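To convert a position in the sequence shown, counted from 1, into my numbering, add 113.
C-beta atoms are modelled at their ideal positions from N, C-alpha and C, and glycine is treated no differently.
Given the structure is predicted, the values throughout are model-derived calculations rather than measurements.
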Amino acid sequence: MSLISATGLRAARPAMRKMDVQRMGRRFITPGPNWHFPFNFTTTTNRALALKFGGALGFAFCVPFVAIWWHWNRPGGLSHSKA
Numbered sequence: 114m115s116l117i118s119a120t121g122l123r124a125a126r127p128a129m130r131k132m133d134v135q136r137m138g139r140r141f142i143t144p145g146p147n148w149h150f151p152f153n154f155t156t157t158t159n160r161a162l163a164l165k166f167g168g169a170l171g172f173a174f175c176v177p178f179v180a181i182w183w184h185w186n187r188p189g190g191l192s193h194s195k196a
């Protein structure tokens, strides 16, 4: 390593240390990492959390299947077509 590159690295070290400290000390600008959940999981019991989470997932995963069923069974749908 040449003397010029070693001097550049030596000069960059304090600036990098300051940047790491400033980055570590920041708070989230957004509401938080879990703001998008449909329920508050920090103040609920484990059983209530499981019920709320299961209900939310159950509803979210049942919507496409209900839409498919409706599309097939509506008047003029796939199950009522004249083939």
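Rounded to whole angstroms, the separation of the alpha carbons of residue 148 and residue 170 is 17 Å. Looking at the backbone, the Cα of residue 162 and that of residue 193 are separated by about 42 Å. For residue 178, the enclosing alpha helix (DSSP H) has its first and last residue at 159-186.
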